[in-house]
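One structure below.
Residue numbers (the numbering used here): 7 to 310.
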């Protein structure tokens, strides 16, 4: 599944051709993705202006303004395992340059949703095409007033790059939890948007074992300790670097222009089993273990 940097990279690529523009036409080429598309999906989107394109955790959130009854709605989009967006401007070739780790799908059979966006003073009209061979992604139209209580969002933790993610908030979320630290950080109720790759990287950089109890990052009174401060700072650094590099595409996920992210070339732990640890002064080797059915990469010598 895509993680926060991948989704943020897609958001930034789509924003220039979607924000502030009217949807001239919406086309749904099948009635469902992972779940059925909303009732009258294409009809309800056609003619509306997409005011803002935001991200919450691993979801893209397009503010499409009021519906026929005057209630603001949000188009919620999730990429699933193989979903991607392609921009096809009226003038020029599709914006999918770059080399691929594995070829991206360009088969029309996998182009399931098309949004034709109007042009503006600096750019012409363009089509935004959602392609998803495995169809594990989804799109929903939800009233903005109901987002906070919707099952997808009512228990999501703070954004790791936002002001609400602090050593204090992390310590409170981990206090008393006997689960391994890595498993706790993958819980979207603790912090939003983190996945296997970036948790492995953050724990390695912070020098924390993925197997240590999550509760050990909370002090006796439930407040943060020095390790909690270090971990929060490291999570922010890893995510910011990955976004700047365009995400960490490994197989299916590409940036919105089709190019791959290059943060994977700077992984220090993830997928480096058997390689020397890159921590300065460490002579350990990256090992792999399975936690909750997922591969964890870490260095037993410097992650304590």
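Just so it is clear, CB atoms sit at the ideal spot from N, CA and C, and this is done for glycine as well. Just so we're clear, the structure is a prediction, and the values are computed from it rather than from any experiment.
Counting along the chain, the unbroken beta strand (DSSP E) around residue 146 starts and ends at 144-149. Listed in chain order, the non-local C-beta contacts of residue 162 below 8 Å within the same chain comprise 62, 63, 194, 195 and 198, local neighbours out to five positions each way being set aside. Excluding sequence positions up to five before and after residue 303, its CB lies within less than 8 Å of the CB of 206, 210, 275, 276, 277, 278, 279, 292, 293 and 294, all in the same chain and listed in chain order. Across the set 28, 11 and 157, the C-alpha of 157 shows the shortest separation from the C-alpha of residue 82. If you look at residue 71, you'll find it in the beta strand (DSSP E) that goes 65-72.
Residue 249 holds the alpha-carbon nearest to the alpha-carbon of residue 11 among 249, 285 and 288. When secondary structure is reduced to three states using DSSP, residue 246 falls in the helix class. For residue 94, the three-state secondary structure derived from DSSP is strand.
The distance from the Cβ of residue 164 to that of residue 175 is about 6 Å, consistent with a contact at the 8 Å cut-off. Beta-bridge partners assigned by DSSP to residue 213: none are found. Close CB contacts of residue 189 within its chain, under the 7 Å cut and outside five residues either way in sequence, are with 297 and 298 (chain order). Your pair residue 39 and residue 123 does not check out as a contact, with CB atoms roughly 20 Å apart and the cut at 8 Å. Your pair residue 59 and residue 51 does not check out as a contact, with CB atoms roughly 14 Å apart and the cut at 8 Å. Under DSSP, residue 84 forms a beta bridge with 144.
Residue 75 is classed as exposed because its beta carbon has fewer than 16 other beta carbons within 10 Å across all chains shown. With 16 or more neighbouring CB atoms inside 10 Å of its own CB, residue 220 falls in the buried class. For the options 17, 178, 238 and 233, the alpha carbon positioned closest to that of residue 204 is the one of 238. In the displayed model, residue 221 falls within a helix according to three-state DSSP. Counting along the chain, residue 30 sits inside no alpha helix (DSSP H); it lies in the beta strand (DSSP E) bounded by residues 27-34. Counting only the Cα atoms, residue 20 lies some 16 Å from residue 96.
Secondary structure of residue 204 (DSSP, three-state): helix. Counting along the chain, residue 58 sits inside the beta strand (DSSP E) bounded by residues 58-62. Residue range 300-305 is occupied by the beta strand (DSSP E) that includes residue 301. Look at residue 169 here: in three-state DSSP terms it is coil, with no helix or strand label.
In this structure, DSSP gives residue 14 a helical state, which the three-state scheme calls helix. Residues of the same chain with a CB within less than 6 Å of the CB of residue 133, apart from the 5 flanking positions on each side, are 94, 120 and 122 in chain order. Bounds of the alpha helix (DSSP H) holding residue 192 are 187-192.
Closest in C-alpha terms to residue 79, from the list 150, 307, 273 and 232, comes 150.
Exposed is the label assigned to residue 286, since fewer than 16 other Cβ atoms lie within 10 Å of its Cβ.
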